[in-house]
Ligand SMILES: C=C(O[C@@H]1C=C(C(=O)O)C=C[C@H]1O)C(=O)O
């Protein structure tokens with residue numbers, strides 16, 4: 009799993025986030041994926057027989073480990089960092105890094121620290137209060153060979169978490185004709 013950290017963490021770290029309207033992705037096939045407001049995990053499930061999440065690492069950081077941008081979105085408190093790979097039929101589709109403020113890991117949300125290999129989206133989007141905002145996108149590849157990432161803030165019971173997702177080559181996002189199975 010460390011190859012995912014070595015390969016993909018730096019790509020996400022240097023993403024130059026843009027508002028979708030500043031890019032030409034709206035109305036494109038992959039734009040529909042990148043702008044997905046509901047659970048990406050639930051959508052991925054429709055494009056494979058077996059959807060799974062592998063937990064790479066999870067640890068706590070103090071706010072000095074966050075960027076100014078991240079602090080402006082989720083506050084300047086200690087956070088839990090959760091890094092996973094989302095897989096479709098065993099193929100790595102997304103590398104995701106989520107920042108969950110400890111102030112979000114309270115009350116009914118305490119369990120978010122024990123998710124393990126349960127997809128975060130399955131837990132968050134079953135809550136009626138769940139919503140997504142501050143969605144930004146970035147091409148961390150090249151113009152001719154794009155590698156797309158997105159970052160968005162999720163709210164659950166009015167408490168935030170920040171999710172950054174890097175869409176890997178095998179992801180259905182890039183398939184010319186993505187026919188859902190279900
Ligand atoms: C937020 C979602 O959860 C997905 C699963 C994640 C995880 O298990 O850590 C992280 C980011 C997402 O790709 C979603 O399904 O939209």
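In my numbering, the protein residues as written are 9 to 190.
Backbone N, C-alpha and C fix where the C-beta goes; we use that ideal spot for every residue, glycine too.
Practice task
At 3 residues or longer, and completely inside the segment 39–106: list those beta strand (DSSP E) runs for me, N to C.
Solution key: Complete beta strand (DSSP E) runs here, min 3: 59–69 and 87–96.
Practice task
For residue 1, name the three-state secondary structure that DSSP assigns.
Solution key: The shown model of the chain, from 9 to 190, leaves out residue 1, and the question about it has no answer.
Problem - Cα-Cα separation between residue 86 and residue 18, rounded to whole angstroms - result: Looking at the two C-alpha atoms, the distance is approximately 22 Å.
Handout entry: Cβ neighbours of residue 164 in the same chain (closer than 7 Å, five flanking residues each side left out)
Key = Once the five neighbours on either side are set aside, the close Cβ partners of residue 164 are 117, 132, 135, 137 and 138.
Handout entry: Strand pairing of residue 161, partner residues [DSSP]
Key = 141 and 170.
Problem - residue 120 to residue 113 span [Cα, whole Å] - result: Roughly 7 Å between the two C-alpha positions.
Problem - the segment 83–102 contacting the segment 50–70, beta-carbon criterion three pairs below 8 Å - result: Contact check between the segment 83–102 and the segment 50–70: three or more CB pairs, one atom from each, fall below 8 Å, which counts as touching.
Handout entry: Extent of the continuous alpha helix (DSSP H) to which residue 131 belongs
Key = First-last of the alpha helix (DSSP H) with residue 131: 128–132.
Exercise for the section: Look at the alpha carbon of residue 83 and the alpha carbon of residue 109, and state the distance between them as a whole number of angstroms. Expected result: Each residue's alpha carbon lies about 8 Å from the other.
Handout entry: Span separating the alpha-carbon of residue 62 from that of residue 173
Key = Spanning the two alpha carbons is a distance of roughly 14 Å.
Problem - Any non-hydrogen atom of ligand 1 closer than 7 Å to residue 94 Cβ - result: Within the cutoff, so yes.
Handout entry: Best match in 58, 101 and 76 for proximity to residue 156 [C-alpha to C-alpha]
Key = Nearest of 58, 101 and 76 to residue 156, Cα basis: 101.
Practice task
Output the distance between the C-alpha atoms of residue 191 and residue 72, rounded to the nearest integer angstrom.
Solution key: The chain is shown only over 9 to 190; residue 191 falls outside these bounds and no answer can be derived.
Practice task
Quick one: residues in its chain with C-beta nearer than 8 Å to the C-beta of residue 191, no 5 flanking neighbours on either side, listed in chain order?
Solution key: In this structure the chain extends from 9 to 190, so residue 191 is not present and cannot be described.
Problem - Rounded Cβ spacing between residue 107 and residue 140 (contact assumed at less than 8 Å) - result: Contact check for residue 107 and residue 140: beta-carbon distance about 15 Å, past the 8 Å limit, so the pair fails to qualify.
Problem - Beta-carbon gap between residue 38 and residue 182 smaller than 8 Å - result: At the C-beta level, residue 38 and residue 182 come within 8 Å of one another.
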